[in-house]
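Student: Everything in the sequence shown is counted per my numbering, starting at 28 for the first residue and increasing by one.
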Amino acid sequence: MSTTRLSRSIPFWVLVGGSVVAIAGGAYLLISKLTTMASTLTDGTATGVEVYAGQIWAVLGAILIGAGLVGLTLALVLGALNSAVAPAVDAVVVEPWEEDVVEVAAPVTASEPVVSSEPVVASEPVVASEPVVETDATPNTDAPRA
28 MSTTRLSRSI PFWVLVGGSV VAIAGGAYLL ISKLTTMAST LTDGTATGVE VYAGQIWAVL
88 GAILIGAGLV GLTLALVLGA LNSAVAPAVD AVVVEPWEED VVEVAAPVTA SEPVVSSEPV
148 VASEPVVASE PVVETDATPN TDAPRA
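#1: Put Asp70 into one of helix, strand or coil per three-state DSSP.
#2: What is the DSSP secondary structure of Pro134, counted as helix, strand or coil?
#3: So, with DSSP's three-state summary, where would you put Ala85?
#4: To which residues of the same chain is Leu99 closer than 6 Å at the C-beta, ignoring the five residues directly before and after it?
#5: Can you give the beta carbon distance from Gly57 to Ile92, rounded, assuming they're within the 8 Å contact cut?
#6: Please state if the CB of Leu42 and the CB of Ala111 are separated by a distance shorter than 7 Å.
#7: To the nearest angstrom, report how far apart Ala89 and Ala65 are at their CA atoms.
#8: Would you identify the three-state DSSP class for Pro123, choosing helix, strand or coil?
#9: Assuming Leu33 and Gly106 make a contact with CB atoms under 8 Å, what is their CB distance in whole Å?
#10: I believe Leu61 touches Ala85 by the beta-carbon criterion, under 8 Å. Please report the beta-carbon distance rounded to the nearest angstrom.
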């Protein structure tokens, strides 16, 4: 059973990278919208778009930061589980060594070929008593068989 290292896992690095990008993007949205809203409210030049729409963008930034933190936490848990759980090792069956006993046999010597004194007579060919009749592949049940 072969297990890959977590550092070589593409989905793991996609999770880590996506989490970092989500945190960075959320932080940018949150900080930029809250800064704009705070400066316009103190100046007295705030409009409804800056105040009410800015709040929604700031909430979206906070949600992105939270999702990124959850992703990084999940990556940390995966790394901890991967290092805590030892990979299963295949059991190797070791059979006891037995020496093979080789028995030496006496060498076989070629003897003279056996020659029979009787001549070889071919036997008579076998002849069928009934002639073979070829028929179609589908038998005709009405016709008598030969």
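Just so you know, even glycine gets a beta-carbon here, dropped at the ideal spot from N, CA and C.
Tutor: Based on what the coordinates show:
#1: In the displayed model, Asp70 falls within a helix according to three-state DSSP.
#2: Under the three-state reduction of DSSP output, Pro134 falls in the coil class, being neither helix nor strand.
#3: Helix.
#4: Cβ neighbours of Leu99 beyond the five flanking positions: Ser46.
#5: The sequence given here places Leu at residue 57; Gly does not occur at that position. About 7 Å separates the beta carbon of Leu57 from that of Ile92, a gap short enough to meet the 8 Å contact definition.
#6: No, the Cβ-Cβ distance between Ala111 and Leu42 is not below 7 Å.
#7: In a straight line, the C-alpha of Ala89 is about 17 Å away from that of Ala65.
#8: Three-state result, Pro123: coil.
#9: Contact flag correct, Cβ pair sits at about 6 Å.
#10: Going by Cβ atoms, the distance from Leu61 to Ala85 rounds to 5 Å, so yes, they are a contact pair.
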